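Engineer: When we follow the numbering used here, the leftmost residue of the sequence shown carries the number -12, and every step to the right adds one.
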Amino acid sequence: MKTLFFSLALLFLAVSCRESIKLNEVQSVSAMKNVMWKGELGAKIQLDTLNKNGLYGIGPLEGLAGEITIDEGQIYISTIDDNNQIRVEKQAHVGAPFFVYTNTKKFFEIKLPEYVTNLNLLNKFLSKNHVRDDAYVFKLKGEIESGKIHVQNLPPNTKVSSPKEAHQGQVDFEIDNKAVEMIGFYSNSAHGVYTHHDTNIHVHLITEDRIIMGHCDAASFNPKTIKLYLPTGSKS
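(1) Whole angstroms is fine: what's the gap from T219's alpha carbon to G41's?
(2) Among F95, V147, N21 and T91, which residue has its Cα nearest to the Cα of V13?
(3) Take K31 and list the residues in its own chain whose beta-carbon comes closer than 8 Å to its own, dropping the five residues that flank it on each side.
(4) Is the Cβ-Cβ distance between F94 and L192 less than 8 Å?
(5) In whole angstroms, give me the CA-to-CA distance for S133 and I64.
(6) Sort M23, K20, E54 and I188 by Cα distance to L34 and report the nearest one.
(7) Between which two residues does the alpha helix (DSSP H) holding P150 run?
(8) To the nearest angstrom, how far is it from the Cα of E161 to the Cα of G201?
(9) Looking only at its own chain, which residues have a Cβ that is under 6 Å from the Cβ of L109, when we skip the five neighbours before and after it?
(10) Report yes or no: do three or more beta-carbon pairs, one from the region 151 to 168 and one from the region 194 to 212, lie closer than 8 Å?
(11) Which of the three DSSP states is assigned to N144 in this structure?
(12) Can you grab the Cα-Cα spacing for the pair S97 / K111, in whole Å?
(13) According to DSSP, simplified to helix, strand and coil, what is I8?
(14) Between Y173 and L113, which are expected to be in contact by the criterion C-beta below 8 Å, what is the C-beta distance as a whole number of angstroms?
(15) To the nearest angstrom, how far is it from the Cα of E27 to the Cα of L127?
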């Protein structure tokens, strides 16, 4: 009986250790460059296979048919309807051609300096003040003054061999004075994987009412009306 109890205790400890190691660890599947240049549009990951506890993630929908944002384990997809408008819905059984994700339970707030008034300046701020050896997720919550997002809408069966071809059908939207949440990932070594070559961040935006969601190309805000959250364990 004592032997069984000891074995179970060791098993529990081993599982706990594995979970603690994985917590906050950013995982990526395939790469943006494989989609853009090699035309690998099929799903490389099925999101219903992931642990939803504290799950955050962003990426395009398979076939570049939309966008995916995971916020606290809730999977949102955005697609373009027949009227060329965004449709946002929750779906669990979806796949992505490339994806970045992590499981994070605790965040702490960072006060943004007055000069950080847009995503480009946020990128510089994080790159200078919150550099880590590994990638991390971050959140922004509050009201933006203006923003630009896009939703991929590649026609079915389209062949892709360049970024220009990959963005066929992409629909752009401008939003103003909206309460939003932005889920982003920072890395200074993931260019072409899940960040573009000229930035260290990849960001998706979803409005507080969950009506609008997409890849965030730009956002301007008053740093007094928006809050930045980093995962516990990030360098402050």
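Glycine residues also receive a C-beta, built at the ideal position from the N, C-alpha and C atoms. Keep in mind it's a predicted model, so treat the numbers as computed, not measured.
Structural biologist: This is what the structure gives:
(1) Counted from its first residue, the sequence shown places residue 219 at position 232. Counted from its first residue, the sequence shown places residue 41 at position 54. Rounded to the nearest angstrom, the two C-alpha atoms are 13 Å apart.
(2) One-based indexing of the sequence shown puts residue 13 at position 26. For the residues F95, V147, N21 and T91, the minimum Cα distance to V13 belongs to T91.
(3) Position 44 of the sequence shown holds residue 31. Excluding residues within five positions, the ones whose Cβ falls inside 8 Å are V16, S17, G82, A83, P84, F85 and F86.
(4) As a first step, residue 94 must be located in the sequence shown, where it is residue number 107. As a first step, residue 192 must be located in the sequence shown, where it is residue number 205. Cβ distance not < 8 Å, so F94 and L192 don't count as in contact.
(5) Taking the sequence shown and counting its residues from 1, one reaches residue 133 at position 146. Taking the sequence shown and counting its residues from 1, one reaches residue 64 at position 77. The straight-line gap from Cα to Cα measures roughly 22 Å.
(6) Taking the sequence shown and counting its residues from 1, one reaches residue 34 at position 47. Residue E54 is the option with its Cα nearest to L34.
(7) Looking up residue 150 in the sequence shown gives position 163. Here the alpha helix (DSSP H) through P150 covers P150 to A153.
(8) As a working mapping, residue 161 is identified with position 174 in the sequence shown. As a working mapping, residue 201 is identified with position 214 in the sequence shown. Answer to the nearest angstrom: the Cα atoms are 11 Å apart.
(9) Along the sequence shown, read from residue 1 onward, the residue named residue 109 stands at position 122. Same-chain partners within the cutoff: V103.
(10) yes
(11) To locate residue 144, count along the sequence shown from 1; it is residue 157. Here N144 sits in coil by DSSP.
(12) Position 110 of the sequence shown, counting from 1, holds the residue named residue 97. Position 124 of the sequence shown, counting from 1, holds the residue named residue 111. Inspection of the sequence shows that residue 97 is occupied by Ile rather than by Ser. So the two alpha carbons sit approximately 15 Å from each other.
(13) As a first step, residue 8 is located in the sequence shown; it is residue number 21 there, counting from the start. Bear in mind that the predicted position of I8 carries a pLDDT of just 41, short of 50, making it too unreliable to give a figure here.
(14) Translated into positions along the sequence shown, residue 173 becomes position 186. Translated into positions along the sequence shown, residue 113 becomes position 126. Correct: roughly 5 Å between the Cβ atoms.
(15) For the purposes of this step, residue 27 is identified with residue 40 of the sequence shown, where counting begins at 1. For the purposes of this step, residue 127 is identified with residue 140 of the sequence shown, where counting begins at 1. E27 and L127: Cα-Cα distance of roughly 31 Å.
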